[in-house]
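Presented below is the structure to which this report refers.
4 protein chains.
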Amino acid sequence: MTLTEEQKAEIESQSSQQLYTKRPISPGLEEMLFNVFPVLDHGFIRVIDYMGNDSAIVQAARVSYGTGTKKVSEDRGLIRYLMRHYHTTPFEMCEIKFHVKLPIFVARQWIRHRTASVNEYSARYSIMDREFYLPDPHVLAAQSNINHQGRGEVLSAEQAEVVLTLLRNDAQNCYDDYEKMLRSPKENGYGLARELARINLTLNSYSQWYWKVNLHNLFHFLQLRIDMHAQYEIRVYAEAMLKIVRVWVPLACEAFEDYRRDAVTFSSTMMKIIGKLLRGESVKQADSGLSKREWKEMMQVLDQYKLEK
Amino acid sequence: MTLTEEQKAEIESQSSQQLYTKRPISPGLEEMLFNVFPVLDHGFIRVIDYMGNDSAIVQAARVSYGTGTKKVSEDRGLIRYLMRHYHTTPFEMCEIKFHVKLPIFVARQWIRHRTASVNEYSARYSIMDREFYLPDPHVLAAQSNINHQGRGEVLSAEQAEVVLTLLRNDAQNCYDDYEKMLRSPKENGYGLARELARINLTLNSYSQWYWKVNLHNLFHFLQLRIDMHAQYEIRVYAEAMLKIVRVWVPLACEAFEDYRRDAVTFSSTMMKIIGKLLRGESVKQADSGLSKREWKEMMQVLDQYKLEK
Amino acid sequence: MTLTEEQKAEIESQSSQQLYTKRPISPGLEEMLFNVFPVLDHGFIRVIDYMGNDSAIVQAARVSYGTGTKKVSEDRGLIRYLMRHYHTTPFEMCEIKFHVKLPIFVARQWIRHRTASVNEYSARYSIMDREFYLPDPHVLAAQSNINHQGRGEVLSAEQAEVVLTLLRNDAQNCYDDYEKMLRSPKENGYGLARELARINLTLNSYSQWYWKVNLHNLFHFLQLRIDMHAQYEIRVYAEAMLKIVRVWVPLACEAFEDYRRDAVTFSSTMMKIIGKLLRGESVKQADSGLSKREWKEMMQVLDQYKLEK
Amino acid sequence: MTLTEEQKAEIESQSSQQLYTKRPISPGLEEMLFNVFPVLDHGFIRVIDYMGNDSAIVQAARVSYGTGTKKVSEDRGLIRYLMRHYHTTPFEMCEIKFHVKLPIFVARQWIRHRTASVNEYSARYSIMDREFYLPDPHVLAAQSNINHQGRGEVLSAEQAEVVLTLLRNDAQNCYDDYEKMLRSPKENGYGLARELARINLTLNSYSQWYWKVNLHNLFHFLQLRIDMHAQYEIRVYAEAMLKIVRVWVPLACEAFEDYRRDAVTFSSTMMKIIGKLLRGESVKQADSGLSKREWKEMMQVLDQYKLEK
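Residue numbers (my numbering), protein chains in the order written: chain A, 1 to 309; chain B, 1001 to 1309; chain C, 2001 to 2309; chain D, 3001 to 3309.
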């Protein structure tokens, strides 16, 4: 992961400043502010700014629902109540701004979440860094046989080496030609417009952006991207953000993990099956109303909780 | 429910027109187009236009997920898969436009759903009709003792009569003064600006709007507003819309009802309890990790499905 | 304007706290934080929290456009460049949260701006205050003869007195019946559900909300609501907010006022007329390609700037 | 431009169908429905579905502003009034759905417009086509000396040939390795997961999507992307869409072109200069309050209209 000298100096200067404010703060997040958390081989995530904390959620809810006492135990109960009953507007009252360095193919998935503000490094204005994502061999996997969009077995060491060599050489070769096209004719280049030359770069090239989002939309993002069906390379960013959110708004994050991330939703057909199971009846897929695939997914979940001690 | 003569003529003329189109149609919804479905005492809902049908959802999904055969059974399976796994973007490919007449206090709840397009009758430009929502006695209920935002027992016939008289008289009186303030001095009025006079109207006055929304956002609206915690007066609009959606996109609507409206979500703590119950262990609230309120809500749901045959 | 005792205590306690932060601050806005700025007869606006300052806009722009020196004069130039060329994303990097007390008919216009987060006082949960907006006699005006949605001449003192008496009596009467319907039968009331009783209130009743918005969307709101065609009662809120924004992000606000609020846009047809005028030719409405109304509006603007010294 | 056989059959079948509808239609757009309009070397744009027409805008406006006569001349006047005064909600009542084939670097700019619905071809599920954007020599230009994000002079024929060879070879080479990584080990490949192999592709690879947007947001998109500062490769898509919009909603599109695309906005400082010029005074940059750059831009615009006959 490479920060420019200028970025390092900026981080240094920001981290050392201490200003007075009357605004609510999150003491834990203040500690982490501006710090670089590495993700993937050259990526990172860092918090640039934030607004609000657990109390801001409670305060907004109390505008709507009237006043009450303010002990921490009650704040926790109220926040859990809001999460459980999908009273989502108070969570919009918190906001966070990240600085993220990420491969372009990850950026393309990420940007599909429309309810955020973004400023991305522009390859029309500026020259891209010579940095590409090359997967760790342990995540370099074959196409899954059962999941059309997923990964199956990890490649053998030999296979992985060949694949990584292909990825590395192609990315470097494209970048070298990118640079050649950009260089001025005096330097044996072609002086090509930056907005054109960049089309030669590969999708694993790294970009950077500022990404600002409210807590409700962030939870939605995390819910979808922490899921095991999300691509590994975006999941690791989501996991890094979740750790930060836990420090920022511990009560809201605990409620999110319990009522969203780790929650299980059963369709009405599935609920009838659970009813039968609780009555002690046996149910078979054929009579269940579920497809084989749904049945299998449901039984896996139930078995997991049945076996858990 | 009152339509102006002009609206009636417009409906007549729209309903009788038959044009050729190459666009996908929903034969069932074509039948219903422009028809007035009464809601509450003077309100209504009618479909003005729509885009797409079940096949449009499938078609959009197949852009993403590749092609395949197109038999109806497979369309159904694909739509259910999309709904179950929260692949929501194909549902955004359908759009519907309603003409709604509704009391202002309902409009205030409705508009909180931000992802729709709205053109409302403007009381700055035009004069409001003399129409107010007066609840049916059977929905005129006392404040709930257990739910801070809900209704409890229905009022007695005598109480209801008094309350309805208060509501009716106050609304009529405010409207009469609204009209008086609007009338020109020549007609013994004050010629007050419409944008000022209207502030004298009560919140049960009826307004009208065009409301246009995509199917994904409409399902989200229906999910929240069909819920038994939603206020009765908006719930009846949601129910009227759901009936229309069932005709428009029957496969998507069936999936919505199964995987959303009638689905049950359990937190991770609750799933552990279900695991114990399925193992045949008994669980008590005290050791469950749930609050009394959560415990009660969960047991009600489980009992309901346990008793259902 | 009435704050509850609890609100006053909260303001007192918030205003006196001094915490350390590493986040960027706006020294001017820190001074104003939590203060109550009265608007209309009982309304107010106050800032509850904010994120970012002029430098945050510059910082985000520099992510996109590359680095540079950081002198204030250059920040100003960059911010003006962004505003002029509609590079709006850096302005989204600042966020502000207001606590607003406002009449319901104003809230209805305000909420049409969809790109903000809102928590409103809920009349389903809580009892509304006995407070209504009654216009100052000097803004109590007749319907405009030329503008279908505007005000014309101010009412005479006698007319104003009658109108205000109507408004006051109706609002009070409706409120008294609201309270009567809410009171328990033991206290000679009917114990009606709050969500029903509130439908008897008039549209000039005051409500409250938290409203959180980013700077780009706030500028858009101000642009539309500071306009002389906006209703006076929402314009005064926009003006109060603009004063706050000027303190918070002085460079961005100056750019907004110059390039948006006070800017004039001419259609291509109008530009041809300006071309002729600059060549010294005379133009008449009949040959101008403009309607009479457009012509009149255009000439008013040009005359204003022609006469200005 | 390559359509799959399946797409061709689908277009054929869609184009030949004639169904009855009661919905408003746009006769011109019906003619164009499903047709392929080529853009760039392999891209295209085609309309898949639409909702509404000029009359739908008028109808929605009349809900807000009251009724009136319906002659075409009045529709035109009303639509122009709405556009001129930024009454944008009636334009949201029309919706259009495009099928677009476009290079990934164009898709990355396009997607920054957040207020649309998108289903993109997924390279996690499916295999990408072997198609890359290679610029025409006449648009292959050097970096601009004056605009940090723009193009200057066109490359010489020799330079262009070398650059195109670099672009072509790198794209083909990356694609060949992409295919090799995807192939099964039996076929001398590595069976790599599709979601990983695709990271080796270059940014000029073509993708496809369905893009659905309402007319207001489409005009905003066109406004920004038809601008001469937009990158050529997205501008040609905007221009192709504008031609379609002109057929679909001719009155709205004419108003857009006059009051938005070809309109000129002057800041308050600039308006003072125009005032002086109209009074016959001379103004110099030094006293104008404008920077040199702003002054130059303004004088260019004025000269253009001054010289136009």
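For each residue, glycine too, the CB sits at the ideal point set by N, CA and C. Because the structure is a prediction, the values reported are computed rather than measured.
Can a CB atom of chain D be found closer than 7 angstroms to the CB of residue 1125 (chain B)? Residue 1125 (chain B) counts as touching chain D.
Every unbroken alpha helix (DSSP H) within the segment 1009 to 1081 of chain B, with a cutoff of 4 residues, ordered by chain: Runs of the alpha helix (DSSP H) inside the segment 1009 to 1081 of chain B: 1027 to 1032 and 1054 to 1065.
Excluding the 5 residues preceding and the 5 following residue 3048 (chain D) in the sequence, name in chain order all residues of the same chain whose CB lies nearer than 6 angstroms to its CB. 3097 and 3099
Simplified DSSP assignment, three categories, for residue 303 (chain A): helix
Contacts around residue 269 (chain A), its chain only, beta-carbon distance under 7 angstroms, and the 5 residues preceding and following it disregarded: The residues are 289 and 290.
Counted within 10 angstroms of its Cβ, other Cβ atoms place residue 2307 (chain C) as buried (16 or more) or exposed: Looking at its Cβ environment, which holds fewer than 16 other Cβ atoms inside 10 Å, residue 2307 (chain C) is exposed.
With DSSP collapsed to three states, give me the class of residue 193 (chain A). In the structure shown, residue 193 (chain A) sits in coil (DSSP, three-state: anything other than H, G, I, E or B).
Please report the straight-line C-alpha distance between residue 2123 (chain C) and residue 2197 (chain C), rounded to a whole angstrom. 9 angstroms
Here's the rule I'm using: 16 or more other beta-carbon atoms within 10 Å means buried, otherwise exposed. How should residue 143 (chain A) be labelled? buried
To which residues of the same chain is residue 102 (chain A) closer than 6 angstroms at the C-beta, ignoring the five residues directly before and after it? Close CB contacts of residue 102 (chain A) within its chain, under the 6 angstroms cut and outside five residues either way in sequence, are with 43 (chain order).
For a contact defined as C-beta to C-beta under 7 angstroms, what are the partners of residue 3210 (chain D) on chain B? 1060, 1063 and 1093
Residue nearest to residue 153 (chain A) in terms of C-alpha spacing, selected from D:3190, D:3219 and D:3007: If we check each option's Cα against that of residue 153 (chain A), D:3190 comes out closest.
Using 7 angstroms as the limit for Cβ to Cβ distance, is residue 1069 (chain B) near chain A? Only weak support is given to the placement of residue 1069 (chain B): the predicted model assigns it a pLDDT of 43, under 50, and the question is left unresolved by the model.
Can you find at least 3 beta carbon pairs, one from the segment 2082 to 2093 of chain C and one from the segment 2045 to 2061 of chain C, that sit closer than 8 angstroms? With a cut-off of 8 angstroms, the segment 2045 to 2061 of chain C and the segment 2082 to 2093 of chain C count as touching, because enough Cβ pairs lie within range.
By the DSSP assignment, the alpha helix (DSSP H) with residue 1268 (chain B) in it spans what residues? 1268 to 1278
Output needed for residue 240 (chain A): all residues of its chain with C-beta closer than 6 angstroms, excluding positions within five of it in sequence on either side, in chain order. 37, 39 and 45
Indicate whether the contact test is met: 3 or more Cβ pairs, each with one atom in the segment 1025 to 1032 of chain B and one in the segment 1246 to 1257 of chain B, closer than 8 angstroms. yes
Is the CB-CB distance between residue 1264 (chain B) and residue 299 (chain A) below 7 angstroms? Their beta carbons are not under 7 angstroms apart, which means residue 1264 (chain B) does not touch residue 299 (chain A) by this criterion.
Please name the residue in B:1065, B:1149 and B:1020 whose C-alpha comes closest to that of residue 3210 (chain D). When each option's Cα is compared against that of residue 3210 (chain D), the closest is B:1065.
Look up residue 1107 (chain B) in the DSSP assignment and say whether it is helix, strand or coil. Residue 1107 (chain B): helix per DSSP, three-state reduction.
Could you tell me which whole alpha helix (DSSP H) segments of length 4 or greater appear in the segment 1210 to 1293 of chain B? 1215 to 1225, 1232 to 1248, 1250 to 1256, 1268 to 1278 and 1285 to 1288
Go ahead and pull the three-state DSSP assignment for residue 1187 (chain B). Helix at residue 1187 (chain B).
Contact residues within the segment 1095 to 1128 of chain B, judged by C-beta distance below 7 angstroms to chain D: For the segment 1095 to 1128 of chain B, the set of positions with a beta-carbon nearer than 7 angstroms to some beta-carbon of chain D reads 1095, 1097, 1117, 1118, 1119, 1120, 1121, 1122, 1125 and 1126 in chain order.
Take the Cβ of residue 2019 (chain C) as the centre, count every other Cβ of all protein chains shown within 10 Å, and call the residue buried at 16 or more, exposed below. exposed
Would a check of beta-carbon distances place residue 2088 (chain C) closer than 7 angstroms to chain A? Cβ-Cβ to chain A under 7 angstroms: no for residue 2088 (chain C).
Comparing the C-beta of residue 271 (chain A) with each C-beta of chain B, is any distance below 7 angstroms? yes
Candidates A:131, A:192, A:141 and A:199: closest to residue 169 (chain A) by CA position: Closest by C-alpha distance to residue 169 (chain A), out of A:131, A:192, A:141 and A:199, is A:131.
For residue 1090 (chain B), the nearest candidate out of B:1235, B:1273 and B:1217 (CA to CA): B:1217
In this structure, does DSSP put residue 3151 (chain D) in helix, strand or coil? DSSP places residue 3151 (chain D) in strand when its eight states are reduced to three.
Along chain A, which residues have their Cβ under 8 angstroms away from the Cβ of residue 2017 (chain C)? 22
Under 9 angstroms from the C-beta of residue 1033 (chain B): neighbouring residues of chain D: In chain order: 3021, 3022 and 3023.
Using a Cβ cut-off of 7 angstroms, pull out every chain A residue sitting near residue 3194 (chain D), in sequence order please. 143
Are the Cβ atoms of residue 1231 (chain B) and residue 2195 (chain C) separated by less than 7 angstroms? Yes.
May I have the straight-line CA-CA distance separating residue 2156 (chain C) from residue 2163 (chain C), to the nearest angstrom? 10 angstroms
What in chain A is Cβ-close to residue 1258 (chain B), meaning under 7 angstroms? 267, 268 and 269
Which term fits residue 2212 (chain C), buried or exposed, when burial requires 16 or more other beta carbons within 10 angstroms of its beta carbon? Counting the other CB atoms within 10 Å of its CB gives residue 2212 (chain C) a total of 16 or more, which places it among the buried residues.
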